[in-house]
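Heads up, the sequence shown is in the working numbering, so the first residue is 90 and it goes up one at a time. Structure record follows, encoded as structure tokens.
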Amino acid sequence: MTSILENRPALAKEVNKVAEVAGYLWQKGWAERNGGNITINITEYVDEEMRLMIPISEVKPIGATLPHLKGCYFYCKGTNKRMRDLARWPMENGSVIRIMDDCASYVIIADQPVQPTSELPSHLSVHNYLIAKGSPYKASVHTHPIELIAMTHSKKYLEKDVATNLLWSMIPETKAFCPRGLGIIPYKLPSSVDLAEATIKELADYDVVMWEKHGVFAVDCDVMQAFDQIDVLNKSALIYIAAKNMGFEPDGMTPAQMKEMSVAFHLPK
Ligand code: 2HA
Ligand code: ZN
């Protein structure tokens, strides 16, 4: 069977990045069973032949009307598919979808009729928001990073920017490479409209947001950069926990050292 990735090296490169990240998520223990989802806006790689491809699914409702997605294409992880499988076989555990002109429905065009992620309405609502904003961001990643989730089981870390400042202070790189910090969203039912709406609101101020007692949702230019933002935050959480396990509360970088970082790296906060 031929793949949509054949003779499309730029598109193949983006999908292969998703597969690489899916492997990291599994190796890190952040993607148990079918946990997590990834969607990427691949519209810029679409050629005339792709636009003419006959759908391999019926027309399905998105569950939301998203006016900025007209004519857009996405690669989406499949619902109930495993990240560890996607890492090896991205086109058997994910699919390419085309948004219909009504902006409220989609069809699958390749390679196989793999039903997209259960979080499709929230992922697509986020992409709609990013396009409306004129953002260059093309990737959204949802995953279950162990130590960051553990922190959300304590009320003190759910206060605005308490976790952000703590995590930034563990190692200079975290502020440099996750410069907008970690937004916090109080617990909401997975896949719910409420959760999608709260996520979009929080993404106005943060690139990575935490769903209390569930996981993170990150956006960036590509999937690798979205992963990196989550990875540096979780690394900081691990340093914090390692210090606590050695029996002391870590000092953290001083406010002056953090300020110095912001100036040197031209950081927004
Ligand atoms: O797709 O992680 O939140 C599995 C999930 C849903
Ligand atoms: Zn989840």
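Backbone N, C-alpha and C fix where the C-beta goes; we use that ideal spot for every residue, glycine too. Note that the coordinates shown come from a computational prediction; the quantities given were computed from them, not determined experimentally.
Counted within 10 angstroms of its Cβ, other Cβ atoms place residue i as buried (16 or more) or exposed
i, result
"Leu141", "exposed"
"Leu278", "exposed"
"Ile151", "buried"
"Cys165", "buried"
"Lys290", "exposed"
"Thr154", "exposed"
"His231", "buried"
"Met342", "buried"
"Thr91", "exposed"
"Pro275", "exposed"
"Ala208", "Going by the sequence as given, residue 208 is Glu instead of Ala. Its Cβ being crowded by 16 or more others within 10 Å, Glu208 is buried."
"Val110", "buried"
"Val148", "exposed"
"Ser325", "buried"
Endpoints, the alpha helix (DSSP H) within which residue i is located
i, result
"Val251", "Val251 to Trp257"
"Phe316", "Val312 to Asn334"
"Ile289", "Val282 to Glu291"
"Val352", "Pro344 to Ala353"
"Ala153", "Here Ala153 belongs to no alpha helix (DSSP H), and DSSP marks it neither H nor E."
"Phe306", "Taken as a continuous stretch (DSSP letters only), Phe306 belongs to no alpha helix (DSSP H), being part of the beta strand (DSSP E) at Gly304 to Asp309."
"Pro279", "First-last for Pro279: undefined, no H or E at that position."
"Lys264", "Pro261 to Phe266"
CB contact below 8 angstroms: residue i versus chain C
i, result
"Arg122", "Protein chains in the displayed structure number just one, and chain C is not present."
Supposed close pair residue i, residue j - CB separation, criterion 8 angstroms
i, j, result
"Gly336", "Val298", "Not really, about 32 angstroms apart at Cβ, beyond 8 angstroms."
"Lys227", "Asp311", "6 angstroms"
"Ser184", "His212", "With 8 angstroms as the limit, Ser184 and His212 do not qualify as a contact, their Cβ atoms being about 13 angstroms apart."
"Thr168", "Val215", "Actually they are not in contact, since the Cβ atoms of Thr168 and Val215 sit about 17 angstroms apart, beyond 8 angstroms."
"Glu181", "Gln201", "6 angstroms"
Residue interval of the beta strand (DSSP E) (run including residue i)
i, result
"Val297", "Val297 to Trp300"
*Mind listing, in chain order, the continuous beta strand (DSSP E) runs of no fewer than 3 residues lying wholly within the segment 165–244?*
183–188, 194–199 and 228–232
*Taking the runs of the alpha helix (DSSP H) that are 4 residues or longer, which of them lie wholly in the segment 97–138?*
98–116
*asked:* Count Cβ pairs between the segment 310–328 and the segment 261–272 that sit closer than 8 angstroms; are there 3 or more?
replied: Cβ pair count under 8 angstroms is three or more, so yes.
_For the pair the segment 146–160 and the segment 175–191, tell me if three or more CB-CB distances fall below 8 angstroms._
yes
*asked:* Three Cβ pairs or more, each shorter than 8 angstroms: is that satisfied between the segment 294–312 and the segment 232–239?
replied: yes
*asked:* When you compare the segment 117–131 with the segment 168–176, are there three or more beta-carbon pairs, one atom per stretch, that lie closer than 8 angstroms?
replied: yes
_Would the segment 129–140 count as touching the segment 99–106 if we require 3 or more Cβ pairs under 8 angstroms?_
Between the segment 129–140 and the segment 99–106 there are three or more inter-stretch CB-CB distances shorter than 8 angstroms, so the stretches are counted as touching.
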